[in-house]
Amino acid sequence: MNHQYYFDLCLVFLILFCKINFGAGLKGAVSLDSWTFDKMISKFKAALVKFDITYPYGEKEDEYGKVAESARFSPELLIAEIGIQDYGEKENSDIAERFSVSKDDFPVIKLFIEGKSEPIPYTGNIKADDINSFIQKHSPVRLILNKCLPEFDELAERFMAVDGQEQKQVILSEAKEVAAKLNPDEEKKSADVYIKMMQKVIERGVGFIASERERVKNIKDGKITSAKKEEMQGRLNILHSFTVKDEL
């Protein structure tokens, strides 16, 4: 065998290694390119797109994967990635230029809303909880997260949308009535969290939600059991439902 053969063989193995380890993509996230970008984006009420290197990996990619998992029950929301090459054929560099994305800023996340000409840039930490809050706040879609109850998500959204204490009390009473009809214990536990959050907002104001979210995050990130960590994540998910949405 000559040296060229060995070189070609090594190159094939390297390509296969990259495809197996980095090229499979995130479960729940659609890989886009210059040709499919507009076709796919236009079919959803909201689309979250991550502009990144061709084969992203590491903690930030893992966090984005959690966002994709969170969106799996939200059919009106697309979670997508687009790999940008700054070498060779420079694949998808036209898309990066179109949306003023620089490789120095990777990963760049933008939220595209149906009917809006410009996407909303995400400027926070690349953490799943923070990105989920961003989606809840800036898009018309509702994320159905673990431990969340769709009917109570709607009540929480209405609760945060009204200003008067009297109006909030009416929605709190409605939430209590709905909770009384629930059967599974897990659903009752989740309903109790929604109701407790409503009561605290009435007592302390809407600023309670942000402070409570920070408190629960700190507990979740601390040294606790996996069961307790799951419980805190469920509470965080419910807190996302109390995000005040933008006027769309």
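For the sequence shown, the residue numbers in mature numbering (1 follows the signal peptide of the UniProt record, and there is no 0) are -25 to -1, 1 to 223.
Beta carbons are placed, not taken as given, at the ideal position from N, Cα and C, and that holds for glycine.
Proximity winner among the options, relative to residue i (alpha-carbon distances)
i	options	result
L130	K151, P115, S114 and G139	K151
I101	F109, L157 and Q208	F109
I84	A71, K65 and P125	A71
M173	K203, M135 and V191	M135
D104	D196, G(-1) and F127	D196
P31	I170, G180, P82 and D167	P82
S216	T200, K203, V181 and A202	V181
D8	K65, K198, M207 and Q140	K65
F12	I28, L53, A202 and V219	L53
Simplified DSSP assignment, three categories, for residue i
i	result
E89	coil
G58	strand
A22	strand
V83	strand
I95	strand
V5	strand
Y39	helix
K65	coil
G180	coil
For residue j and residue i, believed in contact at Cβ under 8 Å, the rounded distance
i	j	result
I119	S49	6 Å
H78	I59	The amino acid occupying residue 78 in the given sequence is Lys; His does not appear at that position. Between I59 and K78 the Cβ distance is about 7 Å, and since that is below 8 Å, they are a contact.
N107	S45	6 Å
Bridge partner(s) assigned by DSSP for residue i
i	result
L214	DSSP, once it has assigned bridges, lists no residue as partnering L214.
L52	A21
D27	G58
Residue i beta carbon near the ligand GDP (any heavy atom closer than 8 Å)
i	result
L118	Absent from the structure shown: the ligand GDP. Ligands present: none.
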